[in-house]
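Protein chains in written order, with the working numbering: chain A, 290 to 677; chain B, 391 to 761.
Positions of the beta carbon are idealized from the N, C-alpha and C atoms, including for glycine.
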Ligand SMILES: Cc1cc2nc3c(=O)[nH]c(=O)nc-3n(C[C@H](O)[C@H](O)[C@H](O)COP(=O)(O)OP(=O)(O)OC[C@H]3O[C@@H](n4cnc5c(N)ncnc54)[C@H](O)[C@@H]3O)c2cc1C
């Protein structure tokens, strides 16, 4: 038996023994996800147990080093663990910006003190993070951001405003892009800073989305004092950290193009709806070709990434293709649902679940850098086309 | 198994890439044979060279003198064939035919010639303009100690040059495959030049008599062998399409960096940049789907059939996008025979039809998934 088969057996047995039955049911909606955080209220006992057991094994972040709360798994082992979790339909024990965005950036750019302080908290789901990048006048042109951060000797002083900050009202800490040198060219005066959302001077105001929920906020900083050791990477070199993190964010968002549950092409779910409608069936069949092809692409991308073979701008391709695909999926789900799917508040429609999700997916190709921006990155960095 | 080429496969790719770019180049092969109106549409010398490199034995077991490799490796060669539009019997002979007869006595009869680069095989499945392998009208009646075949076939690639033709027919017991030799009495072969200047054939069988040992596998049990043949052929055609699409994209991106209008390189125009980036994305996905299908065939995975249809449909769509954008972004020069991009458009069209187009495979996927 090879090492990987031995690991597969071990992982399978452990998951079998430790993953509660409730945590093997498909995620129904946002409230089934566990985001962690200081004020975390578990939805049920099974969710608590699942998080604790996985965190204890380091398997909330399987491929991070053990000393930072990870599982220390090799890429091959991490892939096997994922497959074994998918096999039994195990939910992710923890969903967080800490895991998918900040963690990777800290592992690469953080100093030892920052890594040993923040990473284990992320792995155990103790601190919930939000992302302070976008500003009212800095969206696609993120590097034009203006939030001011001054060196006051024994601390930093932050003033300004962020917008579209997802879950800012629920987050414990923020990772934030700020301008530390207003004189330098725009990419060279930015720093990457971390602070507690409870710091005096931080306030948030929720924004209502078209889906009817308000998962994001305007975030205001009014003379916020931040300790000196909370800048990640070099001062004025935050753009490097920011871009590296964006790569991971794009990977995470592109994951939404996956079928959700591995193996579920859309046609099987919509079988009854498409039976009497050959044109819709054809659209769904074409979608399934693209969905299954993209799933293969995701597998290839992760494998290449772990082997250090992926082009550094490949996450832009994944984000672009995955999010456009996910929007198509939800258009088809709405079409198949017909007028049933339009009921916004009834119990029959589970309070407009399909419609609200459909609307939510429209943000996929905006958040984390729009599709147009990703296409621009592919054109310039991968195809090396000329121009600014 | 990770979804990228391992070290041995990468070595094979590098070897196939430089060989094909040199010996299989458009000027040396496709245009050469086309402009001489060659009745085969490919060069036998190159087929010999394929054999010398071991390519023709990729899917043949080591015990039978081949390399004992799989569909991933066959696909590596096919992608390079696609890049260079290299006319060759490789897909039909070394992939589809070999896969179909490998566990039968026909292997002993034909593999030595294939390994030597002497033998060419063809596949006769289609009977109408669209690929419909589930409805075979060709009849094979028992006669004497053998069979008598009657009916028509078309789109038999290299059918006019083949030493041996694998024919799908219906018997009373069910679908059956027959290996029919060149020049069988009652078999009429009409070579037809296709849009990409490859040579297909229309075959007319008028009570063609064959011995019982012409049956491949068992009488009435041809469906499994046909499925294996088609799986191999479709995955192979997908790989070739990925090659066609990739080369068309590379040519086009190269042109965007070289052609100037309005005092700028046309590659600076965002409208073109975004279309090129979309094309890149589609081709990356097609390549991943194709490799996944090949790996699944090599592992005999349960979902291989569905993945092969995904790969053939996705590779077909993506390559078509590549050649269409390719011609458009070249402007007028893209429409000239002298320039190569148009040759890619023709090859793409033929490969899309071969073994079922994207509509066929989307429908097939839906059926396999039960809707
Ligand atoms: C649901 C959701 C959650 C989000 N969460 C966060 C978060 O947690 N933290 C955070 O910091 N931000 C977050 N964002 C913000 C997101 O990153 C920005 O909305 C995004 O980068 C686009 O910026 P913008 O909204 O200012 O649009 P604009 O930049 O004004 O874009 C408007 C349109 O112009 C196009 N465009 C712009 N520039 C170009 C160009 N050069 N070429 C071609 N077209 C162009 C865009 O593609 C778009 O179609 C979130 C957004 C959404 C919708």
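Item, Value
"For residue 558 (chain A), three-class secondary structure by DSSP", "helix"
"Below-7 Å beta-carbon distance, residue 563 (chain A) vs any chain B residue", "yes"
"Listed by chain order, chain B residues near residue 664 (chain A) by CB distance under 8 Å", "663, 664, 667 and 668"
"Same chain only: Cβ atoms within 6 Å of residue 336 (chain A), ignoring 5 sequence neighbours per side", "323"
"Classification of residue 722 (chain B) by the beta-carbon crowding that lies within 10 angstroms, buried from 16 upward", "exposed"
"Complete runs of the alpha helix (DSSP H) confined to the region 316 to 388 of chain A [at least 4 residues]", "334 to 346 and 364 to 376"
"DSSP state of residue 580 (chain B) mapped onto helix, strand, coil", "strand"
"Reduced DSSP category for residue 655 (chain B) - H, G, I as helix; E, B as strand; rest coil", "strand"
"Per-residue contacts from residue 674 (chain B) into chain A (C-beta, under 7 Å)", "586 and 606"
"Sub-7 Å separation of residue 632 (chain B) and residue 734 (chain B) beta-carbons", "no"
"Helix, strand or coil at residue 530 (chain B) according to DSSP, with G and I counted as helix", "strand"
"C-alpha distance - residue 462 (chain B) paired with residue 631 (chain A), whole-angstrom precision", "46 Å"
"Counted within 10 angstroms of its Cβ, other Cβ atoms place residue 751 (chain B) as buried (16 or more) or exposed", "buried"
"Where the beta strand (DSSP E) containing residue 494 (chain A) begins and where it ends", "491 to 496"
"Partner residues on chain A for residue 538 (chain B), Cβ-Cβ distance less than 8 Å", "Those do not exist, as residue 538 (chain B) stays about 40 Å from chain A at its closest Cβ, beyond 8 Å."
"Cβ distance (whole Å) where residue 536 (chain A) is taken to contact residue 513 (chain A) below 8 Å", "The pair is not a contact, with the Cβ atoms about 28 Å apart (cut-off 8 Å)."
"Beta carbon of residue 713 (chain B) nearer than 7 Å to that of residue 667 (chain B)", "no"
"Collapsed DSSP secondary structure at residue 642 (chain B) in the structure displayed", "helix"
"Assigned exposure category for residue 552 (chain A) - 16 Cβ within 10 Å defines buried", "Confidence is the limiting factor: at residue 552 (chain A) the pLDDT is only 41, short of 50, which leaves the residue's position unreliable and the question unanswerable from this model."
"Three-state class that DSSP yields for residue 633 (chain A) in the structure shown", "coil"
"Residue 437 (chain A), DSSP secondary structure in three states", "strand"
"Local Cβ density within 10 Å of residue 633 (chain A), reported as buried at 16 or more and exposed below that", "exposed"
"Which residues DSSP lists as bridging residue 418 (chain A), in chain order", "A:462"
"Inter-residue Cα distance where the pair is residue 599 (chain B) and residue 525 (chain B)", "22 Å"
"Cβ-based neighbour list, residue 455 (chain A), same chain, cut-off 7 Å, excluding 5 preceding and 5 following", "419, 420, 504 and 505"
"contact_flag[the region 670 to 682 of chain B, the region 579 to 590 of chain A] where n(CB pairs < 8 Å) is 3 or more", "yes"
"Reduced DSSP secondary structure (H/G/I, E/B, other) of residue 599 (chain B)", "strand"
"Where residue 565 (chain B) falls: helix, strand or coil (DSSP)", "strand"
"Within-7 Å CB hit, residue 750 (chain B) to chain A", "no"
"Residue-level contact to chain A via CB, residue 703 (chain B), 7 Å cutoff", "yes"
"Neighbourhood of residue 646 (chain A) by C-beta distance below 7 Å, restricted to the same chain and skipping five residues each side", "619"
"Proximal residues to residue 683 (chain B) (C-beta, below 6 Å), its chain only, five neighbours per side dropped", "625, 697, 698 and 701"
"Per DSSP, cross-strand counterpart(s) of residue 589 (chain B)", "B:583"
"Chain-ordered chain B contacts of residue 583 (chain A) [CB-CB under 7 Å]", "675"
"Residues, ordered as in the chain, of the region 506 to 518 of chain A that lie near chain B by beta-carbon distance below 7 Å", "none"
"C-beta neighbour in chain B for residue 549 (chain A), strict 7 Å", "Low confidence applies to residue 549 (chain A): its pLDDT is 44, below 50, so where it sits in the model is not reliable, and the reading given next is rough at best. Taking Cβ atoms only, chain B never reaches closer than 7 Å to residue 549 (chain A), which makes this a no."
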